Amino acid sequence: METFRDEGVSGGIVDRAAIRQMLTWLRKNRAEEPVVLIDDISRMARGVEAHWKLRAAIGSVGAKLESPSIEFGDDSDSQLIENMLASVSQHHRQKNGEQVVHPMKARLMNGYFAFWVPTGYTYARVKGHSGKIMVRDEPNASLIQEALEGFATGRFQTQSEVKRFLEPHPIFKRDANGQIHPQRIKNLLTNKIYAGYYEYKPWGVPLTKGKHEALISWEAFQRIQQRLNEGAYAPARADAAEEFPLRGFVTCDCCGKPLTAYHAKGRNKRYPYYECFNKQCDERRKSIRKDVLEGEFEGLVQQMRPAAGLMSTAAIMFRDIWNSRILGFEAKLKEQKQALTGINQTIGKLTDRLIETTSSSAIKAYETKLEKLEAEKALIAENLTQKPDRAQGFDQSFRTALTFLANPWNLWTSPNPVHRQTFLKLVFAAPLPYARNQGFRTAKTTSPFKVLALICGDQKEMAERQGFEPKTIF
141 METFRDEGVS GGIVDRAAIR QMLTWLRKNR AEEPVVLIDD ISRMARGVEA HWKLRAAIGS
201 VGAKLESPSI EFGDDSDSQL IENMLASVSQ HHRQKNGEQV VHPMKARLMN GYFAFWVPTG
261 YTYARVKGHS GKIMVRDEPN ASLIQEALEG FATGRFQTQS EVKRFLEPHP IFKRDANGQI
321 HPQRIKNLLT NKIYAGYYEY KPWGVPLTKG KHEALISWEA FQRIQQRLNE GAYAPARADA
381 AEEFPLRGFV TCDCCGKPLT AYHAKGRNKR YPYYECFNKQ CDERRKSIRK DVLEGEFEGL
441 VQQMRPAAGL MSTAAIMFRD IWNSRILGFE AKLKEQKQAL TGINQTIGKL TDRLIETTSS
501 SAIKAYETKL EKLEAEKALI AENLTQKPDR AQGFDQSFRT ALTFLANPWN LWTSPNPVHR
561 QTFLKLVFAA PLPYARNQGF RTAKTTSPFK VLALICGDQK EMAERQGFEP KTIF
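By this note's numbering, the letter at position 218 of the sequence shown is numbered 358, and the numbering carries on one by one without gaps.
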């Protein structure tokens, strides 16, 4: 005699571990004409279809099904009773499922995430909230926040760089090689929960703002999705920032491909070089000494330091812009409210069309459009909650930025390789082309450095008299 038990498995599923074990045992003992004994019909399966499949499987191995609560027969009356009892068992299973789903769905609709807790959060009871709510789980929350914001701002150019940033920390489970699986990074970057939102389509829960604390803004999340769709340029190797900080950033002026770097083996030492490895390029395999290229780059950086008096002028200009934006906040707020009203009206119209249509292609198109509108609505709603901190003045907000603009050389000479990579992204709007034996081409700098270049420009012209002063009548 053998006993087979199922624990924690739905009775509506046919392929269960205990059922497989039982059928295997029945096949081995087929010659003894075994009997399968169940105390109730609901103990074997809690669904009509599952019940008859298991009934047929037991009969196919030469066994007989018996129970003290029902007599199994092949006549129509016995099968009617058997079907009725299986239907009642199925109804109980479905009802129990509804009793579990309805409270969870209600919590989801009210802004409380009701499933497994994602990495970076933990469930806790917080005063003022019903039941448990997700709260930050440190230090994992701060690590994930830094990784997400780093990818959104371009500090991490690729998912591999995010992976390398997180791997020194025991934040995710590792594979057999002790590494984080790349799919975990993709899931991390696409999970709306970290931006304070979630949705669950199987239960009809739309994009909903959760009551938990977001690790990043919805705007940052949208930037991440855009970068994932577009693809990041200039991927950096793990050791690039330390040995060759310009590898992957400086491009060949001849073909436009990023320069790679390597060490050439000499008689007594190794010599570092930059080089273009594009097979179609005329400059292929024509090496550039590391000290030459990086020395010219450092000369370029030192030229970016503005005069002391210029920074005073620039600070006044930036302050005026700051004050103008503070004053224009109310107008911007009004525009955002009008845009939100328009989106709500469009969502209402699309929802009505979705209800009326029967075309599967039209339904899919409407659902896709509604998802985009819900995302736009979430972004505007987030912007409406972000009011400028008037107590925090211009000097406090822009002190670090102005210090960097006054002397960007300090950041480039930092011993931290991450600071050098940050410098490249803050100063240059595009990779920097380099021509061998000629030097760097015109650099495309970011907006702050463009403004400083315009202010300190050497080109001067005489103002036209007409239009500058009132016309003199003789």
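Where a beta carbon is used, it is the ideal one built from N, C-alpha and C, also for glycine.
Note that the structure is predicted; figures quoted are calculated from it, not measured.
When DSSP assignments are scanned along the region 321-382, the uninterrupted stretches of alpha helix (DSSP H) that are 4 or more residues long and fall wholly within it turn out to be 322-330 and 358-370. Y414 and R581 have their C-alpha atoms some 17 Å from each other.
Between L386 and L433, the CB-CB gap stays under 8 Å.
Note on the region 246-332: whole alpha helix (DSSP H) runs with a minimum of 4 residues are 280-293, 299-306 and 322-330, in chain order. Bounds of the beta strand (DSSP E) holding E206 are K204 to E206. Contact between L542 and A455 holds: CB atoms are separated by about 6 Å, below the 8 Å threshold.
Taken through DSSP and simplified to helix, strand or coil, E415 comes out as strand. Within its own chain, the residues whose Cβ lies closer than 7 Å to the Cβ of P346, once the five positions on either side in sequence are excluded, are E339 and E514, listed in chain order. The alpha carbon of I364 has as its nearest neighbour, out of E189, Y263 and K326, the alpha carbon of K326. For A575, the three-state secondary structure derived from DSSP is strand. In the three-state scheme derived from DSSP, where H, G and I count as helix and E and B as strand, P557 is classed as helix.
Using a Cβ distance threshold of 8 Å, G488 and G350 do not count as a contacting pair. An exposed status is given to W343, since fewer than 16 other beta-carbon atoms sit within 10 Å of its beta-carbon. With contact defined as three or more Cβ pairs closer than 8 Å, the region 251-262 and the region 275-288 are in contact. Taking a C-beta distance under 8 Å as the contact criterion, F312 and G290 do not qualify as a contact pair. If you draw a straight line from the Cα of E516 to the Cα of N577, it comes to about 50 Å. Distance from the CA atom of Q219 to the CA atom of K204, rounded to whole angstroms, is 15 Å.
The straight-line gap separating the alpha-carbon atoms of F361 and C395 is approximately 34 Å. K565 and Q478 have their C-alpha atoms roughly 35 Å apart. Taking C-beta atoms as the reference points, L368 and I284 fail to come closer than 8 Å.
In the structure shown, the three-state DSSP call for L177 is strand. Residues F144 of the same chain have their beta carbon placed closer than 6 Å to that of Q161, with the five preceding and five following residues left out of the count. P398 carries a strand assignment under DSSP once its states are collapsed to helix, strand and coil. Annotation for N547: R445 place their beta carbon closer than 6 Å to its own, counting only its chain and skipping 5 residues before and after. Comparing alpha-carbon positions, the option among N550, L163 and D214 lying closest to A197 turns out to be L163. Annotated three-state conformation of K504 is helix, per DSSP. In terms of Cβ geometry, L524 and E359 do not form a close pair [threshold 8 Å]. Per the DSSP secondary-structure output, H231 pairs with nothing in a beta bridge.
Counting the other Cβ atoms within 10 Å of the Cβ of V176 gives 16 or more, which makes it buried. Rounded to the nearest whole angstrom, the CA to CA distance from Q442 to E511 is 48 Å. Rounded to whole angstroms, the gap between the alpha carbons of F255 and V241 is 11 Å. Residue pairing for K405: DSSP places it in a beta bridge opposite R410.
The criterion of a C-beta distance shorter than 8 Å is satisfied by F568 and T586.
Straight through space, the alpha carbons of L467 and I461 are spaced by roughly 10 Å.
Minimum Cα-Cα distance from S357 among the listed residues N463, V302 and E286 corresponds to E286.
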